[in-house]
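Just add 20 to the spot in the sequence shown (first one is 1) and you have the numbering used here. Here a beta-carbon is modelled for each residue, glycine too, at the ideal position from N, C-alpha and C. Here's the structure, in C-alpha cells; my notes come after.
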Amino acid sequence: MANTLEPGPNTIYTTTVGSTAGTGNWYRVPPWLTKLSVQFTLNTSSAGATCGTTTHLEVSNDGVNALSAKGRTFDTQGTTDLIVNGGSLVSSMDAQWGFIRAKVASLTTSTAGSTGSPSVSVIVNAGFSH
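Right under this line is the structure:
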C-alpha cells in the first residue's frame, strides 16, 4: 500500500551512503493537492567533493506502473553540471498524477582522489490551494 503525501515537506527517498542506484516507494498524491515542490539534494562524506546523479521523479496513475513521461529529472552527470557537496535543486510541478516516487538511476563522486561516498535525498513539499 502506498504512503500518502501530507501537507508540508515529505522525504520520499534517501539513498544510503555509498549506494549507486535505487527506487523509492510510491506515494499517493491526494486529489486536493494542486502543486508539488521537489527538492533534490546531493551530499558526500568528503568536504569539497563534487558528485553527480541522475534522479527521476516518476509518476503513475495506478501506483504500480510508472508512466513513460517523468515528472522531473535531476541530472548532474555532465562535467559542467556537477555540484558541490550539499548542493540542491528545487523544481515545482502540477500535482496531476495519482502517485509519485523517486528513482535514482546513478550516483557517483567525481572529484579525483575524493574519499566521499555520495548520497541523494528527494523531498516533496506538498502544497494546496482552496
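Is Thr73 closer than 8 Å to Ser141 when the C-beta atoms are compared?
-> no
According to the neighbour-count rule (16 or more other Cβ atoms, all chains shown, within 10 Å of its Cβ), is Gly44 buried or exposed?
-> buried
Identified DSSP bridge partners for Leu127 | In the DSSP output, where bridge partners are listed per residue, Leu127 has Thr73.
Inter-residue spacing [alpha-carbon to alpha-carbon] between Phe60 and Gly42 | 15 Å
Is the distance from the Cβ of Leu62 to the Cβ of Met113 below 8 Å?
-> no
Along the beta strand (DSSP E) that carries Ser57, what are the first and last residues, could you check?
-> Leu53 to Asn63
Buried or exposed for Ala89, please, with buried defined as at least 16 other CB atoms from any protein chain shown within 10 angstroms of its CB.
-> exposed
What's the C-alpha gap between Leu53 and His76?
-> Near 20 Å, if we compare the C-alpha coordinates of His76 and Leu53.
Residues in its own chain within less than 8 Å of Asn81 by CB, not counting five upstream and five downstream?
-> Leu87, Trp117, Gly118 and Phe119
Three-state class that DSSP yields for Gly42 in the structure shown = In the structure shown, Gly42 sits in a strand (DSSP, three-state: E or B).
Tell me whether Val144 sits in a helix, a strand or coil according to DSSP, three-state version.
-> strand
List the whole-angstrom C-beta distance separating Ala22 from Gly83, where the pair is believed to meet the contact cut-off of C-beta under 8 Å.
-> 5 Å
For the beta strand (DSSP E) containing Asn30, list its first residue and its last residue.
-> Gly28 to Thr34
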